[in-house]
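Residue numbers (our numbering): 100 to 248.
A quick write-up on the structure given underneath.
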Ligand code: HPN
């Protein structure tokens, strides 16, 4: 697969805007790196007990147990191969990322570079909310994997 940055010159600017400058931002980048483990147990320490997670085209999960169950269900049908954060900013614990998530649908073996914008809320070193915005249909068509009921 050719690099998303190569195909999108706007993503290729020379900038420091993807470099973490706070503990909250460092935590979010570490969390995104650990997503490629595909292991909800490894991800559990990142979340506060009352955390929520929503892929915005789909219903939310509330509570760490439900968040980890949702991630486990996703990992059973796709691997999150890597996440490239293009731009990053935060204020008062809200960490905003513009990213490319590199995914592979396990049933089809098809890989896809998914443009994503995310909002991750960090309180006292734990993620309390994670919302990702992306085009679900673009993803479903690219990997031949319908996720909506
Ligand atoms: N953040 C992401 O990369 C989303 C992965 C796809 C989820 C499909 C419901």
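Note that the Cβ used here is the ideal one computed from N, Cα and C, for glycine as well.
Proximity of residue i and residue j at Cβ, strictly below 8 Å
i, j, result
"residue 200", "residue 213", "yes"
"residue 166", "residue 186", "no"
"residue 219", "residue 127", "yes"
"residue 176", "residue 205", "yes"
"residue 139", "residue 171", "yes"
Span separating the alpha-carbon of residue i from that of residue j
i, j, result
"residue 154", "residue 215", "10 Å"
"residue 103", "residue 192", "28 Å"
"residue 184", "residue 120", "14 Å"
"residue 123", "residue 131", "13 Å"
"residue 141", "residue 234", "27 Å"
"residue 246", "residue 229", "19 Å"
"residue 107", "residue 180", "20 Å"
"residue 161", "residue 109", "35 Å"
"residue 159", "residue 112", "34 Å"
"residue 225", "residue 238", "29 Å"
"residue 156", "residue 118", "28 Å"
Integer-rounded CB distance, given that residue j should sit under 8 Å from residue i
i, j, result
"residue 202", "residue 189", "In fact, because the Cβ distance is near 24 Å, the residues do not count as touching under 8 Å."
"residue 178", "residue 208", "Contact doesn't hold; Cβ gap of about 10 Å is too wide."
Check whether the stretch 138–152 and the stretch 192–199 are in contact - that is, three or more C-beta pairs closer than 8 Å.
Judged by Cβ distances under 8 Å, the stretch 138–152 makes no contact with the stretch 192–199, as fewer than three pairs qualify.
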